[in-house]
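Everything below concerns the one structure shown next.
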Amino acid sequence: MSAEPCETDPTAAPGRRPQIGAAVRWTGLRPRVVRLRLVGLVRAPRSRTVRAPQARRARAAVLWFALAVLVTNGAALAALDAPWPNLRDPEYGWRVRRLHARAAEHPGRPLVLVVGSSRTGMGVRPSAWEAVRPGTGDDPLIFNFGAVGAGPIQQLIAVRRLYADGLRPDVVLLEYWPPLLRQDGQFAEQHRSWTRLRFDDWPVMQDYFPEPEQTRRLMVSSRLNPIAGNHARWAALALPRHLLANRHADVAWRDLDRWGWLPGPDVRPDDSKTREGFLKHHREDYRRHFDGHTIHPASDRALREAVGLARAHGARVGLLFLPEASEFRNWYPPEVERSGREHLVTLARELDTPVIDAREWMGDELIADGHHLSRVGAAAFTERLGPAVARAFPAPGGAP
């Protein structure tokens, strides 16, 4: 922009440059107008920016990340319920792998599966029986197939899976324990088993769970983001040594031995102080558990169905009542003690099923918390269980 020259202000001091640019200028006589003429616009050069390419790269990174998440979750979902369903229940998966290996190592020996809860898992130590067995081809090949928290419904699920996985045991021993036969309210197995369930378990859930659709919704929602729902267990499988002790999700299978035994509390027989602490910890819980205790029809039906399923596949079946300490037995109210005994007798009679009643086999000092055998107790118990199994289920042609 430029301005035409104007007349010099006669009042300006000598040597002072005239001021240009004012629209109206006073000279003392009359205003003079300065006319401005637009001759051009000068703009500062616009700086080039790289924001557009950066934004495109950022959007592409976000899209690729979202695609990777979708693909990874899809692959995880397929793996959970198709080729590797045992990723959802590693406790079952580790045991079934060990079972296949032991059966292959000892062909011809009658395979005996003991199916039950953590009382079975910690109480049946087949390696102790292997160390003392007679050494004949007819010695029972005992394998521990307990599962933490498993009652009769989960025992039925385990038996169904075993046959689906191609196992053909000669004998199936099902744990019998009255506290696990309660299925009402908070004691229902539905509340402690849904995280390990597979979609092929749906028939059992539908028949036995009081709210099967609730369990199904939980299973579906966890599968929408399978990595988030299973990251703790998968981390425990992949990096067990790098997890903090109080963050382990693998306590149910971390220490499994090659025979399926899960080592229980390491309490020495002479450590009465530790035993008393364990008993005190459990006493009030089981008193509440026995308050209003009844044997639920679903528990009775699940035991009967498991017996029928095993027999339909050619197995002989028995019931096993594992040891309890005298302190724990005294916690049973008389009516719960009576109903449990009567129910066991009824099952044995109606199903024509042998019962190995080992409830009072072990001294109190070998039962760490009143209902779980210590490690020493598990060895002593299983040394005695082997011959009892051989007597209850003699080899074909053998003496009963």
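Start counting at 1 in the sequence shown, then tack on 44, and there's your number in my numbering. Don't be surprised by glycine CBs; every beta carbon is placed ideally from N, CA and C.
Evaluate residue i with the Cβ neighbour count: other Cβ atoms within 10 Å of its Cβ, from every protein chain shown; 16 or more gives buried, anything less gives exposed.
i	result
VAL203	buried
GLY321	exposed
LEU107	exposed
THR259	buried
ALA175	exposed
ALA280	Per-residue confidence for ALA280 stands at a pLDDT of 48, beneath the threshold of 50, marking its modelled position as unreliable; the derived number appears in the next sentence. Counting Cβ neighbours within 10 Å, ALA280 comes out buried, since at least 16 surround it.
THR390	exposed
ALA126	Since pLDDT at ALA126 reaches only 48, below the 50 mark, its modelled position is unreliable, and the value read off the structure follows with that caveat. Classification for ALA126: exposed.
THR426	buried
THR180	exposed
ARG240	buried
GLN199	buried
ALA289	In this prediction, ALA289 scores a pLDDT of 43, lower than 50, which makes its location untrustworthy; the coordinate-derived value is nonetheless stated afterwards. Exposed, because fewer than 16 other Cβ atoms sit within 10 Å of the Cβ of ALA289.
ALA356	exposed
GLY362	buried
GLY152	exposed
GLY195	buried
GLN250	exposed
PRO97	exposed
GLY430	buried
Over the uninterrupted alpha helix (DSSP H) stretch that includes residue i, give me the two end residues.
i	result
ILE197	196–208
ASP445	With the chain covering 45 to 444 only, the question about residue 445 has no answer from this structure.
VAL420	419–436
HIS416	It is not in any alpha helix (DSSP H) - HIS416 carries neither H nor E in the DSSP assignment.
TYR136	134–149
VAL389	378–395
ALA439	Neither: ALA439 is in no alpha helix (DSSP H) and is coded neither H nor E.
PRO367	Neither: PRO367 is in no alpha helix (DSSP H) and is coded neither H nor E.
TRP173	170–176
ASP329	316–334
ARG236	234–237
With distance defined between alpha-carbon atoms, name the residue in the options nearest to residue i.
i	options	result
ARG456	GLU233, VAL158 and TRP246	For the chain, the structure presents residues 45 to 444; residue 456 sits outside this window and is missing.
GLY421	VAL311, VAL389, GLY229 and PRO431	VAL311
ASP133	ALA96, VAL106, TRP238 and ALA175	TRP238
SER343	PHE437, PRO222, ALA424 and THR259	PRO222
ALA147	ASN374, LEU211 and VAL433	LEU211
ASP299	ARG226, TRP138 and GLY229	TRP138
LEU225	PHE365, ILE400, PRO313 and ASP301	PHE365
ASP401	ALA432, ARG327, ASP251 and ASP329	ALA432
HIS333	ALA359, PRO341 and TRP375	TRP375
ALA369	ARG403, VAL399 and GLN227	ARG403
ASP315	ARG177, ARG141, SER418 and GLU233	SER418
HIS150	PRO213, PHE437, ARG169 and ALA99	PRO213
PHE253	ARG345, THR318, TYR207 and VAL264	ARG345
PRO378	ARG331, LEU395, THR397 and ARG169	ARG331
ALA424	ASP244, VAL140 and PRO367	PRO367
GLU135	VAL156, GLY165 and LEU155	GLY165
VAL248	SER265, GLN230, ILE197 and LEU218	ILE197
PRO438	PRO154, GLY229 and ALA104	PRO154
LEU218	TRP173, ARG428, ARG435 and PRO398	PRO398
ARG428	ALA104, ARG169, ARG302 and ARG360	ARG169
ALA434	ALA102, HIS144 and VAL216	VAL216
Going by DSSP, name the residue or residues bridged to residue i.
i	result
ILE339	ILE339 is not bridged to any residue.
VAL361	VAL216
VAL159	PHE189 and LEU218
ALA228	The amino acid at residue 228 is misidentified as Ala; the sequence shows Asp. DSSP, once it has assigned bridges, lists no residue as partnering ASP228.
Could you please give the first and the last residue of the uninterrupted beta strand (DSSP E) stretch that includes residue i?
i	result
ASP182	Here ASP182 belongs to no beta strand (DSSP E), and DSSP marks it neither H nor E.
VAL399	399–401
inquiry  = Any contact between the stretch 302–312 and the stretch 339–354? By contact I mean 3 or more CB pairs, one from each, below 8 Å.
reply    = Judged by Cβ distances under 8 Å, the stretch 302–312 makes no contact with the stretch 339–354, as fewer than three pairs qualify.
task = Evaluate the contact criterion for the stretch 160–172 versus the stretch 187–200: three or more CB pairs, one atom per stretch, below 8 Å.
result = Between the stretch 160–172 and the stretch 187–200, the count of Cβ pairs shorter than 8 Å is three or higher; the stretches touch.
request  = Mind the definition here: the stretch 177–186 touches the stretch 393–413 only if three or more C-beta pairs lie below 8 Å; say whether that holds.
outcome  = Between the stretch 177–186 and the stretch 393–413, the count of Cβ pairs shorter than 8 Å is below three; the stretches do not touch.
ask   = Is there contact here, the stretch 330–346 with the stretch 376–385, by at least three beta-carbon pairs under 8 Å?
value = With a cut-off of 8 Å, the stretch 376–385 and the stretch 330–346 count as touching, because enough Cβ pairs lie within range.
request  = Could you tell me whether the stretch 411–421 touches the stretch 312–331, where touching means 3 or more Cβ pairs closer than 8 Å?
outcome  = Yes, the stretch 411–421 is in contact with the stretch 312–331.
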